[in-house]
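J.: Residue numbers (my numbering): 13 to 481.
Okay, handing you the structure first.
What follows is the structure in structure tokens.
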């Protein structure tokens, strides 16, 4: 993975990060605030540039088109929708006691196989605070979505200040012993003839060249990629809002996967490579059913790659991780199709992989989690986000980790997300805020402390999960 070598840039980086990063002259951080589109929105969104000071003043960070669970627009929930979950989990969950330990102990989990996705577009002080919190949490991985358009907006040879900044941030994460996944997505406008919405470059070779450029370190021989421990090639390409300008099918994606794979392998023969996590959804104008899309990827040659991981996003809407389809609760909704269930989203991927000769290849869960709008002001983003409270969010995620990591065919599970619940996202009723376990606006949620205990031996546990922060 990482090259073991000492370069002048590494020595400089140690000095910068260890001694003077807080005092390093700060150019304005260009934050692209893009309204989150719906599942079928493929139109361009207005973009507003803000400085780091403006971001701090609003307690807001960049959050372009991050979404969790997705379903096609043709889905119509029953009316009226409920206000709370009525379907019990198939397996009993630990019972939360707000003033003390849970009645059922939190299971012991392997920190080396657990990660959390982070909003990394932060000021230096905010990044160090997040690093302190992740160190306290104790998981082994962090994931960053590497927005290509943000980091290289002006051309293929640009090593921007923002790219230099993220290099320093990831160096600090590595210094603290964290492994880093980057998910590269969102091609720059200069690489696309019709840059409407987000999408890949017109030519797969451009994506390959970008990886080659990153590994080369650019004109200054920076070592950003030496801070990276795994690479996910794109994000949810079965959604039109992520794959604008190209056919919405697995064959199209595999053209880019193959080009990127070859470039990464040429530079880093042992780097873990993960296929894009797909959004669990059905067929619509703005989406391709993820099961059908994955089969198309296999039809186009994915099965020939034995040294990769298959990315998955097994969201479960408001349904417990043990629940199965489709013992639907009358009037509830979001519980009448296998796409709505964690267990089906994992098991059906495995079945499909086995049928295509990928039985020995592991999955890598690059996003999963449960949403809760409890404690937030503003309108509820989606009706089903009222089904779970903060305690259920925590218990369901811990149970999903126990189930997933106990399977043997999942390498790592990355929780979505740590810190996307800033004031602006909550005010705008952006659904990404509902998944956060460390909201700016309400303080630490129980899942943070549950996960803290799950990756520690009994003698180091807190055994209470209502701590404010």
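Ideal Cβ positions, reconstructed from N, Cα and C, are used throughout, including at glycine.
Predicted, not measured: the structure shown is a model, and the values here were computed from it.
1. Determine the direct distance from the alpha carbon of residue 427 to that of residue 125, and round the result to whole angstroms.
2. Which residues in the same chain as residue 338 place their Cβ atom closer than 6 Å to its Cβ, once the five residues preceding and following it in sequence are excluded?
3. With 16 as the cutoff for other CB atoms within 10 Å, does residue 458 come out buried or exposed?
4. Across which residues does DSSP place residue 467 in a beta bridge pair?
5. Assuming residue 315 and residue 371 are in contact, meaning their beta carbons sit under 8 Å apart, how far apart are those beta carbons, in whole angstroms?
6. Tell me which same chain residues have a C-beta within less than 7 Å of the C-beta of residue 473, skipping the five on either side of it?
7. Residue 123 to residue 297, Cα distance in whole Å?
8. Quick one: is residue 420 buried, meaning 16 or more other Cβ sit within 10 Å of its Cβ, or exposed?
9. Spatial neighbours of residue 150 within its chain, please: CB distance less than 7 Å, with the 5 preceding and 5 following residues excluded, ordered by chain position.
10. With C-beta atoms as the reference, is residue 328 less than 8 Å away from residue 251?
11. Can you tell me the Cβ-Cβ gap for residue 273 and residue 324, rounded? I've got them flagged as a contact below 8 Å.
12. Are the beta-carbon atoms belonging to residue 306 and residue 364 less than 8 Å from one another?
13. If the criterion is Cβ atoms closer than 8 Å, does the pair residue 248 and residue 304 meet it?
14. Measure the alpha-carbon distance for residue 234 versus residue 343 and round it to whole angstroms.
15. How big is the Cα-Cα spacing for residue 143 and residue 264?
16. Please return the same chain residues whose Cβ sits closer than 7 Å to the Cβ of residue 482, not counting the five positions on each side in sequence.
17. Residue ranges of each beta strand (DSSP E) run of no fewer than 3 residues wholly in the segment 342-405, ordered along the chain?
18. Our contact map puts residue 243 next to residue 178 with C-beta atoms below 8 Å; I'd like the distance itself, whole angstroms only.
19. Return the chain-ordered ranges of every beta strand (DSSP E) run that is complete within the segment 243-284 and spans a minimum of 3 residues.
20. By the DSSP assignment, the beta strand (DSSP E) with residue 157 in it spans what residues?
21. From the DSSP output, in three-state form, read off residue 472 for me.
22. Looking at the secondary structure, which residues open and close the alpha helix (DSSP H) in which residue 128 lies?
23. According to DSSP, simplified to helix, strand and coil, what is residue 416?
24. Can you give me the C-alpha to C-alpha distance between residue 141 and residue 236, rounded to a whole angstrom?
25. Return the chain-ordered list of same chain residues with a C-beta closer than 6 Å to the C-beta of residue 165, the five sequence neighbours on each side being excluded.
26. For residue 193, which three-state DSSP category applies?
27. For the segment 199-213 and the segment 182-191, state whether three or more C-beta atom pairs, one from each stretch, are separated by less than 8 Å.
28. Tell whether a beta-carbon distance below 8 Å holds between residue 210 and residue 431.
29. Under a three-way DSSP split, which group does residue 220 fall into?
30. Could you check which residue in 253, 128 and 480 has the C-alpha nearest to that of residue 208?
31. Fully enclosed by the segment 310-339, which beta strand (DSSP E) runs are 3 residues long or longer?
32. Is residue 377 near residue 356, with beta carbons less than 8 Å apart?
33. Would you mind giving the Cβ-Cβ distance between residue 280 and residue 219, rounded to the nearest angstrom? I have them listed as a contact below 8 Å.
34. Near residue 374, which residues of its chain fall below 8 Å by C-beta distance, leaving aside the five closest residues on each side in sequence?
35. Do residue 216 and residue 267 have their C-beta atoms closer together than 8 Å?
36. Name the DSSP beta bridge partners of residue 426, please?
T.: On the basis of the coordinates in this document:
1. The residue you call residue 125 lines up with position 113 of the chain shown. The residue you call residue 427 lines up with position 415 of the chain shown. Their Cα atoms are separated by approximately 11 Å.
2. As a working note, residue 338 is residue 326 in the chain shown. The answer, listed in chain order, is 348.
3. Position 446 of the chain shown holds residue 458. Buried.
4. The residue given as residue 467 occupies position 455 in the chain shown. Paired residue(s): none; residue 467 is not in a bridge.
5. Taking the chain shown and counting its residues from 1, one reaches residue 315 at position 303. Taking the chain shown and counting its residues from 1, one reaches residue 371 at position 359. The Cβ separation is near 10 Å, so there is no contact.
6. Here residue 473 is taken as the residue at index 461 of the chain shown, counted from 1. Counting only Cβ-Cβ distances below 7 Å, and skipping sequence neighbours, we find 465.
7. For this step, residue 123 is matched to residue 111 along the chain shown. For this step, residue 297 is matched to residue 285 along the chain shown. Going from the Cα of residue 123 to the Cα of residue 297 covers about 40 Å.
8. The count along the chain shown starts at 1 and reaches residue 420 at position 408. If you draw a 10 Å sphere on the C-beta of residue 420, you find fewer than 16 other C-beta atoms in it, and that means exposed.
9. On the chain shown, position 138 is the one that residue 150 refers to. Answer for residue 150: 123, 464, 467 and 468, listed in chain order.
10. The residue you call residue 328 lines up with position 316 of the chain shown. The residue you call residue 251 lines up with position 239 of the chain shown. Residue 251 is positioned such that its CB atom lies no closer than 8 Å to that of residue 328.
11. As a position in the chain shown, residue 273 is number 261, starting the count at 1. As a position in the chain shown, residue 324 is number 312, starting the count at 1. About 18 Å; that fails the 8 Å criterion.
12. Residue mapping note: residue 306 aligns to position 294 of the chain shown, counting from 1. Residue mapping note: residue 364 aligns to position 352 of the chain shown, counting from 1. Closer than 8 Å, so yes.
13. On the chain shown, residue 248 is found 236 positions in, with the first residue counted as 1. On the chain shown, residue 304 is found 292 positions in, with the first residue counted as 1. No; because the gap between Cβ atoms is not below 8 Å, this pair is not in contact.
14. As a working mapping, residue 234 is identified with position 222 in the chain shown. As a working mapping, residue 343 is identified with position 331 in the chain shown. Computed Cα separation, rounded: 56 Å.
15. By one-based count along the chain shown, residue 143 stands at place 131. By one-based count along the chain shown, residue 264 stands at place 252. Distance between the alpha carbons of residue 143 and residue 264: 37 Å.
16. What the structure shows of the chain is the stretch from 13 to 481, and residue 482 is not part of that stretch, so it cannot be assessed.
17. The segment 342-405 contains these whole beta strand (DSSP E) runs: 375-380.
18. Position 231 of the chain shown, counting from 1, holds the residue named residue 243. Position 166 of the chain shown, counting from 1, holds the residue named residue 178. Their Cβ separation, rounded to whole angstroms, is 14 Å, which puts residue 243 and residue 178 out of contact at 8 Å.
19. none
20. Position 145 of the chain shown, counted from the start, is the residue given in the question as residue 157. Per DSSP, residue 157 belongs to the beta strand (DSSP E) from 153-159.
21. Taking the chain shown and counting its residues from 1, one reaches residue 472 at position 460. Of the three classes helix, strand and coil, the one that applies to residue 472 here is helix, per DSSP.
22. Counted from its first residue, the chain shown places residue 128 at position 116. For residue 128, there is no enclosing alpha helix (DSSP H); the residue is found in the beta strand (DSSP E) stretching over 126-129.
23. Counting from 1 along the chain shown, the entry for residue 416 is found at position 404. Here residue 416 sits in helix by DSSP.
24. To locate residue 141, count along the chain shown from 1; it is residue 129. To locate residue 236, count along the chain shown from 1; it is residue 224. So the two alpha carbons sit approximately 21 Å from each other.
25. Indexing the chain shown from 1 puts residue 165 at position 153. For residue 165, where only same-chain residues beyond five positions count, the Cβ hits under 6 Å are 200.
26. The count along the chain shown starts at 1 and reaches residue 193 at position 181. Of the three classes helix, strand and coil, the one that applies to residue 193 here is strand, per DSSP.
27. no
28. If you number the chain shown from 1, residue 210 lands on position 198. If you number the chain shown from 1, residue 431 lands on position 419. Not closer than 8 Å, so no.
29. Numbered from 1 along the chain shown, position 208 holds the residue referred to as residue 220. Residue 220 falls in the helix class under three-state DSSP.
30. Position 196 of the chain shown, counting from 1, holds the residue named residue 208. Checked all of 253, 128 and 480; the closest Cα to residue 208 is 253.
31. Runs found: 322-324.
32. Translated into positions along the chain shown, residue 377 becomes position 365. Translated into positions along the chain shown, residue 356 becomes position 344. Cβ distance not < 8 Å, so residue 377 and residue 356 don't count as in contact.
33. Taking the chain shown and counting its residues from 1, the one referred to as residue 280 is at position 268. Taking the chain shown and counting its residues from 1, the one referred to as residue 219 is at position 207. At roughly 16 Å, the Cβ-Cβ gap does not stay under 8 Å, so residue 280 and residue 219 are not in contact.
34. One-based indexing of the chain shown puts residue 374 at position 362. Cβ neighbours of residue 374 beyond the five flanking positions: 321, 322, 421, 422 and 423.
35. The residue given as residue 216 occupies position 204 in the chain shown. The residue given as residue 267 occupies position 255 in the chain shown. Result yes, Cβ atoms of residue 216 and residue 267 sit closer than 8 Å.
36. Taking the chain shown and counting its residues from 1, the one referred to as residue 426 is at position 414. Residue 426 pairs with 127.
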